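If you're matching them up, the sequences are chains A and B in order. Counted from 1, the first sequence has number 193 at position 194 by numbering that gives the first Met the number 0; the numbering is strictly sequential. Counted from 1, the second sequence has number 227 at position 228 by numbering that gives the first Met the number 0; the numbering is strictly sequential.
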Amino acid sequence: MIRFEKVSFSYMEEGSTLQDLSFTIEKGSITALVGANGAGKTTLAKLIRGLIHPTAGRILFEEEDISKCKASTLAARMGYLFQNPDRQICKNTVGEELDFTLERTVQDPIERQRLKDDVLNALQLDPADEPFLLSRGERQKVALASALVHRPQLLILDEPTTGLDYKECTQIMEYVQALNRQGVTVVMVCHDMEIVLDYADHVIVMHSGKITADGKTRQILQDPTALTSSALLPPQIIGLAARLMADGYSGFEGICTVDAMATQIEAARKAVTA
Amino acid sequence: MKGLMNYFPGDTFLHRMDPRSKIVFSLLVCIACFVTNNIYVLLGILVLDLLIGVFGGIFTQALRLLKGLLKIALFLFILQALVMRAGTPAFYIGKLAITWEGLKTALMGVLRLIDITLPLALMISLTRMSDLSNALVSRWHVPYKYAFAITSTIRFIPVFTSDLRSIMEAQTARGVEFDTKNFFKKASLIVPLCVPLLISSVKKIETAAMAVELRGFNLRTKDSSSKVSQFHLPDYLLLLLGIGLIVLAVLI
Numbered sequence: 000m001i002r003f004e005k006v007s008f009s010y011m012e013e014g015s016t017l018q019d020l021s022f023t024i025e026k027g028s029i030t031a032l033v034g035a036n037g038a039g040k041t042t043l044a045k046l047i048r049g050l051i052h053p054t055a056g057r058i059l060f061e062e063e064d065i066s067k068c069k070a071s072t073l074a075a076r077m078g079y080l081f082q083n084p085d086r087q088i089c090k091n092t093v094g095e096e097l098d099f100t101l102e103r104t105v106q107d108p109i110e111r112q113r114l115k116d117d118v119l120n121a122l123q124l125d126p127a128d129e130p131f132l133l134s135r136g137e138r139q140k141v142a143l144a145s146a147l148v149h150r151p152q153l154l155i156l157d158e159p160t161t162g163l164d165y166k167e168c169t170q171i172m173e174y175v176q177a178l179n180r181q182g183v184t185v186v187m188v189c190h191d192m193e194i195v196l197d198y199a200d201h202v203i204v205m206h207s208g209k210i211t212a213d214g215k216t217r218q219i220l221q222d223p224t225a226l227t228s229s230a231l232l233p234p235q236i237i238g239l240a241a242r243l244m245a246d247g248y249s250g251f252e253g254i255c256t257v258d259a260m261a262t263q264i265e266a267a268r269k270a271v272t273a
Numbered sequence: 000m001k002g003l004m005n006y007f008p009g010d011t012f013l014h015r016m017d018p019r020s021k022i023v024f025s026l027l028v029c030i031a032c033f034v035t036n037n038i039y040v041l042l043g044i045l046v047l048d049l050l051i052g053v054f055g056g057i058f059t060q061a062l063r064l065l066k067g068l069l070k071i072a073l074f075l076f077i078l079q080a081l082v083m084r085a086g087t088p089a090f091y092i093g094k095l096a097i098t099w100e101g102l103k104t105a106l107m108g109v110l111r112l113i114d115i116t117l118p119l120a121l122m123i124s125l126t127r128m129s130d131l132s133n134a135l136v137s138r139w140h141v142p143y144k145y146a147f148a149i150t151s152t153i154r155f156i157p158v159f160t161s162d163l164r165s166i167m168e169a170q171t172a173r174g175v176e177f178d179t180k181n182f183f184k185k186a187s188l189i190v191p192l193c194v195p196l197l198i199s200s201v202k203k204i205e206t207a208a209m210a211v212e213l214r215g216f217n218l219r220t221k222d223s224s225s226k227v228s229q230f231h232l233p234d235y236l237l238l239l240l241g242i243g244l245i246v247l248a249v250l251i
């Protein structure tokens, strides 16, 4: 769906921010961009959305060169959630906020209402609420709702779970996953490796403007060198499995879930007692 | 990315000069610009403004600022040239005569705009806001609260500019045509952005106010400054240059 071909980018008067990036994001995938602060994840997300253009190389979206499109015309096909929800919110009520996106991207008024109701129900938002009076987490949900209400082909999320408690975080990620199952491709910038493990099927690791690893989620998260070289830690369950294996307990290789870990520990306990 | 009014660190003689002399010099340049009616004086001041950029090590920023100002200047030039009716016709647009006097007045107007804006913006880029604040309090006996308000206002300009840029990006991502080449359409689209910008600005200011209160804002006195602000030879020379410009503007 998205193909980067030897893409480089630099902001004015600063050195190269992104250098010679080549990779592909498959249609229907959930891809996580991970890396330390300043690695270039947000810049990469903005390049994908067409908000900024590469200084070298090209980016293809459905075989169309993004640099040749106006960013505003891509809104119907791409949704983008910014790190700070207050950047996006500009209307007096949650309902108006969703209408703002829908009016520009969906022609049919009946379809607009259906999409709006769907997202309001899924994220438990009240259309009459005033966004700026809501909590940080609620505003994040409003911003997310307005980014995905029109069901774009590609949804780009820049730290979607920032400021959310565990319940809200699960709620929105479940909804994003449900949209993904309906065919929406998702690219998310994420610092929370637990979220990456639970929801992403593909991971791109970045460090100092370069891609240091690119592959299937479990393969990347179980590769200590891929993570540590970018100042990242694996999710706790994978860290625990690695630690047990290092201590001489076999059978923990490839364990990524609490259930699998519990089963393996039980098996190991039985083996010891037997 | 640094923008207009950001401090650009350095160790040039302009960086080391007293903040008061830089501000007063900028004001003297302003006066000279208003006093003169000579286009060569205004062009000379423009060269001087660019030299500030060269000597301050921020020539690229000066050119960027000049480029930005030229866009506004072009708009004002056309407006002024069209409005001024008196004088000898230079050429016609349809039945509308553009006069030599109109063109000269328009050129003088835009040169004044550029000459006035550049030195202050460049001098601020070469001055730490804390140094300016200290100088205002310890030497000019401006109450600290007012000095803080002045320097905070200047400090927040690039922050708000960056906020506005981010908000425009966010709205572009939602289908608002901020990427249009039509200036008037773009200007009309900015109005709805005032809501998020105003709200984020108020929030920032509230948070900043609380933060400074918690750090003992009211405990500061005029003697609390850790730096002593003092005039040296370059400061006097800069002020002399400013006065010289006014004299030149009056005489020519």
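Ideal placement from N, C-alpha and C gives every residue a C-beta, glycine not left out. As the structure is a computational prediction, the values presented were derived from the model and not from experiment.
Reduced DSSP category for residue i - H, G, I as helix; E, B as strand; rest coil
{"i": "B/His231", "result": "coil"}
{"i": "A/Gln18", "result": "strand"}
{"i": "A/Ser7", "result": "strand"}
{"i": "A/Arg138", "result": "helix"}
{"i": "B/Leu68", "result": "helix"}
{"i": "A/Ala31", "result": "strand"}
{"i": "A/Leu124", "result": "coil"}
{"i": "A/Val105", "result": "coil"}
{"i": "B/Glu168", "result": "helix"}
{"i": "B/Pro88", "result": "strand"}
{"i": "A/Phe60", "result": "strand"}
{"i": "A/Thr184", "result": "strand"}
{"i": "A/Lys215", "result": "strand"}
{"i": "B/Tyr6", "result": "coil"}
{"i": "A/Leu80", "result": "strand"}
{"i": "A/Val195", "result": "helix"}
{"i": "A/Ala75", "result": "coil"}
{"i": "A/Val202", "result": "strand"}
{"i": "B/Arg111", "result": "helix"}
{"i": "B/Met0", "result": "With a pLDDT of 49 at B/Met0, under the threshold of 50, the predicted position of this residue should be treated as unreliable, though the coordinate-derived value follows. The answer is coil: DSSP assigns B/Met0 none of H, G, I, E or B."}
{"i": "B/Thr220", "result": "coil"}
{"i": "A/Gly157", "result": "The residue you asked about is not Gly; residue 157 of chain A is Asp in the sequence shown. Of the three classes helix, strand and coil, the one that applies to A/Asp157 here is strand, per DSSP."}
Proximity below 8 Å, CB of residue i to CB of residue j
{"i": "A/Val186", "j": "A/Ile65", "result": "no"}
{"i": "B/Asp114", "j": "B/Ile57", "result": "no"}
{"i": "B/Phe142", "j": "A/Cys89", "result": "Residue identity check: residue 142 of chain B is Pro in the sequence provided, not Phe. No, Cβ-Cβ distance for B/Pro142 and A/Cys89 is not below 8 Å."}
{"i": "A/Ile51", "j": "A/Phe8", "result": "yes"}
{"i": "A/Val202", "j": "A/Ile236", "result": "no"}
{"i": "B/Phe155", "j": "B/Ser132", "result": "no"}
{"i": "A/Thr30", "j": "A/Gly208", "result": "no"}
{"i": "A/Asp157", "j": "A/Ala44", "result": "yes"}
{"i": "B/Ile153", "j": "B/Met128", "result": "yes"}
{"i": "A/Pro233", "j": "A/Met192", "result": "yes"}
{"i": "A/Leu114", "j": "A/Ala144", "result": "no"}
{"i": "B/Leu110", "j": "B/Leu41", "result": "yes"}
{"i": "B/Leu163", "j": "B/Lys21", "result": "no"}
{"i": "A/Pro84", "j": "A/Val141", "result": "yes"}
{"i": "B/Met83", "j": "B/Gly55", "result": "no"}
{"i": "B/Asp17", "j": "B/Ser225", "result": "no"}
Nearest-angstrom beta carbon gap, residue j and residue i [assumed within contact, 8 Å]
{"i": "B/Ile97", "j": "B/Ala89", "result": "5 Å"}
{"i": "A/Lys40", "j": "A/Met0", "result": "At roughly 19 Å, the Cβ-Cβ gap does not stay under 8 Å, so A/Lys40 and A/Met0 are not in contact."}
{"i": "B/Leu112", "j": "B/Leu68", "result": "7 Å"}
{"i": "A/Ala35", "j": "A/Ala199", "result": "That belief does not hold up - the Cβ atoms of A/Ala35 and A/Ala199 are roughly 18 Å apart, past 8 Å."}
{"i": "B/Thr104", "j": "B/Ala248", "result": "Actually they do not touch by this definition, with Cβ atoms about 17 Å apart."}
{"i": "A/Val118", "j": "A/Leu147", "result": "7 Å"}
Buried versus exposed call for residue i [16 or more other C-beta atoms within 10 Å across all chains shown]
{"i": "B/Tyr235", "result": "exposed"}
{"i": "B/Ala210", "result": "exposed"}
{"i": "A/Tyr79", "result": "buried"}
{"i": "A/Lys184", "result": "What sits at residue 184 of chain A in the sequence shown is Thr, not Lys. Buried, since its Cβ has 16 or more Cβ neighbours within 10 Å."}
{"i": "B/Cys193", "result": "exposed"}
{"i": "B/Val53", "result": "exposed"}
{"i": "B/Met0", "result": "Caution applies to B/Met0, whose pLDDT of 49 falls short of 50 and renders its modelled position unreliable; the value that the coordinates give is listed next. Flag for B/Met0 reads exposed."}
{"i": "B/Pro8", "result": "exposed"}
{"i": "B/Gln170", "result": "buried"}
{"i": "A/Pro108", "result": "exposed"}
{"i": "A/Arg111", "result": "buried"}
{"i": "A/Ala177", "result": "exposed"}
Under 9 Å, CB to CB, which of the residues in the stretch 127 to 146 of chain A have a partner in chain B? Residues are counted here when their Cβ sits less than 9 Å from a Cβ of chain B; for the stretch 127 to 146 of chain A these are Phe131, Ala142, Ser145 and Ala146, given in chain order.
Exercise. Compile a chain-ordered list of the residues in the stretch 166 to 177 of chain B whose CB is closer than 8 Å to at least one CB of chain A.
Key: Taking 8 Å as the cut-off between beta carbons, the residues of the stretch 166 to 177 of chain B near chain A are Ile166, Glu168, Ala169, Gln170, Thr171, Ala172, Arg173, Gly174, Val175, Glu176 and Phe177, in sequence order.
Problem set entry | Short-range partners of chain A found in the stretch 199 to 214 of chain B, where Cβ spacing is below 8 Å | Within the stretch 199 to 214 of chain B, the residues whose Cβ lies closer than 8 Å to some Cβ of chain A are Ser199 and Lys202, listed in chain order.
* To do: Pull out every residue of the stretch 107 to 125 of chain A whose Cβ sits closer than 8 Å to any Cβ of chain B, in chain order.
  => Answer in chain order: no residues at all.
Q | Under 7 Å (Cβ pairs) to chain B, residues found in the stretch 76 to 99 of chain A | A | Going along the stretch 76 to 99 of chain A in chain order, one finds Tyr79, Phe81, Asp85, Arg86, Gln87, Ile88, Cys89 and Phe99 with a Cβ nearer than 7 Å to chain B.
Within 7 Å of chain B by C-beta, residues of the stretch 56 to 67 of chain A in sequence order
The residues in question: there are none.
* Asked: Given a limit of 7 Å on CB to CB distance, which residues of the stretch 202 to 224 of chain A reach chain B?
  -> Cβ contacts with chain B come from no residue of the stretch 202 to 224 of chain A.
Margin query: If the cut-off is 8 Å on Cβ atoms, which residues from the stretch 7 to 37 of chain B count as contacting chain A, listed in chain order?
Written below: Of all residues in the stretch 7 to 37 of chain B, none is placed with a Cβ closer than 8 Å to any Cβ belonging to chain A.
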